[in-house]
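J.:
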Amino acid sequence: MADGTSPGGGNPVVFPVRKMGFAFSEVPREWFFDSVFTSQTANALSLLFPAGERFFVRSVKHYLPRITNPTLRARVRAFFGQEGSHGHEHERTFEMLEAQGFRIREWLDWYERLAFGRLEPVMPPVMRLSITVALEHFTAALAEVALTRDYFEHAHPQMRRLLLWHSAEELEHKSVAFDVLEEVDGRYWVRMVGLAIAFVVLMGFWQSSAKMLLRQVPGFTKEQLQRERKAAKDRGQDRTALLRAIVPYLRPGFHPDRNDTDALARGYLESIGRLEG
Ligand SMILES: [Fe+2]
Ligand SMILES: [Fe+2]
Numbered sequence: 563m564a565d566g567t568s569p570g571g572g573n574p575v576v577f578p579v580r581k582m583g584f585a586f587s588e589v590p591r592e593w594f595f596d597s598v599f600t601s602q603t604a605n606a607l608s609l610l611f612p613a614g615e616r617f618f619v620r621s622v623k624h625y626l627p628r629i630t631n632p633t634l635r636a637r638v639r640a641f642f643g644q645e646g647s648h649g650h651e652h653e654r655t656f657e658m659l660e661a662q663g664f665r666i667r668e669w670l671d672w673y674e675r676l677a678f679g680r681l682e683p684v685m686p687p688v689m690r691l692s693i694t695v696a697l698e699h700f701t702a703a704l705a706e707v708a709l710t711r712d713y714f715e716h717a718h719p720q721m722r723r724l725l726l727w728h729s730a731e732e733l734e735h736k737s738v739a740f741d742v743l744e745e746v747d748g749r750y751w752v753r754m755v756g757l758a759i760a761f762v763v764l765m766g767f768w769q770s771s772a773k774m775l776l777r778q779v780p781g782f783t784k785e786q787l788q789r790e791r792k793a794a795k796d797r798g799q800d801r802t803a804l805l806r807a808i809v810p811y812l813r814p815g816f817h818p819d820r821n822d823t824d825a826l827a828r829g830y831l832e833s834i835g836r837l838e839g
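This note's numbering puts the first residue of the sequence shown at 563, with every later residue one more than the last.
1. In the DSSP assignment, the alpha helix (DSSP H) including residue 750 goes from what residue to what residue?
2. Mapping the DSSP letters down to three states, classify residue 794 as helix, strand or coil.
3. If you measure from each CB to the nearest heavy atom of ligand 2 and keep those under 6 Å, what residues do you get, in chain order?
4. Evaluate residue 622 with the Cβ neighbour count: other Cβ atoms within 10 Å of its Cβ, from every protein chain shown; 16 or more gives buried, anything less gives exposed.
5. Could you name the residues that DSSP lists as bridge partners for residue 717?
6. Can you name, in chain order, every residue of its own chain whose Cβ lies under 7 Å from the Cβ of residue 638, other than the five neighbours on each side?
7. Rounded to whole angstroms, what's the CA-CA distance from residue 804 to residue 780? Just pull it up for me.
8. So, for residue 649: in the same chain, excluding its five sequence neighbours on each side, which residues have a beta-carbon less than 7 Å away from its beta-carbon?
9. Is it true that the CB of residue 746 sits closer than 9 Å to the CB of residue 691?
10. Under DSSP, the alpha helix (DSSP H) around residue 689 begins and ends at which residues?
11. So within the segment 782-835, which uninterrupted alpha helix (DSSP H) runs reach at least 4 residues, ignoring any that extend past its ends?
12. Specify the secondary structure class of residue 602 as computed by DSSP and reduced to three states.
13. Would you mind working out which of 716, 643, 594, 757 sits nearest residue 620, comparing C-alpha positions?
14. If the criterion is Cβ atoms closer than 9 Å, does the pair residue 681 and residue 706 meet it?
15. Starting from residue 837, trace the alpha helix (DSSP H) both ways and give me its first and last residue.
16. Taking only three categories from DSSP, how would you classify residue 735?
17. Taking all protein chains shown into account, do 16 or more other C-beta atoms lie within 10 angstroms of the C-beta of residue 704, making it buried, or fewer, making it exposed?
18. Identify the continuous alpha helix (DSSP H) that holds residue 659 and give its terminal residues.
19. Just to confirm the assignment, what range does the alpha helix (DSSP H) spanning residue 588 have?
20. Hey, residue 720 and residue 589 are a contact pair by Cβ (cut 8 Å); roughly how many whole angstroms apart?
21. Are three or more beta carbon pairs between the segment 590-599 and the segment 782-796 nearer than 8 Å?
22. Could you check the C-alpha separation between residue 834 and residue 768 for me, to the nearest Å?
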């Protein structure tokens with residue numbers, strides 16, 4: 563919104579940046595539903611976060627000089643702080659993966675070179691911002707599912723804490739990049755093209771990182787993959803949440819805060835005693 567506040571009504575205007583310092587020393591390789599497929603699919607998404615979140619920050623920072631509203635500027639700065647600390651915490655799960663025997667650095671180098679060395683520079687700044695807005699919408703959709711259904715009930719507690727905290731903060735800042743895009747370029751087609759690119763790129767890299775991890779699990783067979791994939795689908799753990807999230811985003815009057823998830827985020831942060839910071 564032009565005044566830097568959000569139309570959902572409930573969101574605090576500015577949210578805190580929390581330093582967490584999680585430990586992952588006791589996380590087993592199959593940390594989610596004892597399933598190779600489910601654990602590695604979640605790890606695969608986690609691999610995309612740190613560099614992806616640095617891209618979000620760059621995309622928004624480009625337009626910071628054009629943001630004059632002090633409230634929106636403060637929200638943008640808090641957004642930078644939250645994304646920075648998500649990247650930092652997720653990067654520490656990379657060490658956990660390496661300790662579990664995964665070789666991930668080659669894949670990460672390839673991902674960063676292709677996504678941010680080649681694709682990012684050919685996108686105009688407004689398209690980088692629009693892609694960021696769409697990816698923030700997808701992370702908010704996943705975060706809402708995670709906090710609504712206690713999605714991580716069957717996850718190792720050290721991973722659950724990381725992912726629920728990340729989910730709650732994604733909901734806290736979900737409208738910041740959107741509000742910046744509205745300020746600098748409110749054209750509908752810009753948002754739609756960003757959505758299409760974001761979806762294709764997210765799915766492509768996520769699938770690629772999942773394949774890379776699953777290939778490295780000794781003795782993991784195609785039959786086991788099919789069985790575990792079906793079990794995950796039966797539990798409602800598939801990508802339909804992302805597909806469903808596209809529908810409201812297509813509306814010309816869409817705003818992230820019209821879906822008020824404030825109580826959900828606050829409820830979790832209060833339960834861990836970190837609402838204020
Ligand atoms: Fe994040
Ligand atoms: Fe985010």
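Beta carbons are placed, not taken as given, at the ideal position from N, Cα and C, and that holds for glycine.
Given the structure is predicted, the values throughout are model-derived calculations rather than measurements.
T.: So, from the listed chains and residues:
1. Counting along the chain, residue 750 sits inside the alpha helix (DSSP H) bounded by residues 750-776.
2. Residue 794: helix per DSSP, three-state reduction.
3. Proximity annotation: ligand 2 has residues 645, 698, 701, 732, 735 in chain order, each selected because its CB is closer than 6 Å to a heavy atom of the ligand.
4. Label assigned to residue 622: buried.
5. BP columns for residue 717 point to 594.
6. So the list reads 622, 626, 629, 738, 742, once near-sequence residues are dropped.
7. Roughly 30 Å between the two C-alpha positions.
8. The beta carbon of residue 649 is closer than 7 Å to those of 611, 612, 615, 616 in its chain, skipping five residues each way along the sequence.
9. Cβ distance < 9 Å, so residue 691 and residue 746 count as in contact.
10. Note, residue 689: alpha helix (DSSP H), 687-710.
11. 784-796, 802-811, 824-833, all fully within the segment 782-835.
12. Three-state result, residue 602: helix.
13. Minimum Cα distance to residue 620 is reached at 643.
14. Residue 681 is not a Cβ neighbour of residue 706, given a cutoff of 9 Å.
15. Boundaries cannot be given for residue 837, as no alpha helix (DSSP H) includes it and DSSP labels it neither H nor E.
16. In the structure shown, the three-state DSSP call for residue 735 is coil.
17. When all chains shown are included, residue 704 counts as buried.
18. Where residue 659 is concerned, the enclosing alpha helix (DSSP H) stretches over 632-661.
19. In the DSSP assignment, residue 588 falls outside any alpha helix (DSSP H), carrying neither H nor E.
20. The Cβ separation is near 5 Å, so the contact holds.
21. With a cut-off of 8 Å, the segment 782-796 and the segment 590-599 count as touching, because enough Cβ pairs lie within range.
22. In a straight line, the C-alpha of residue 834 is about 30 Å away from that of residue 768.
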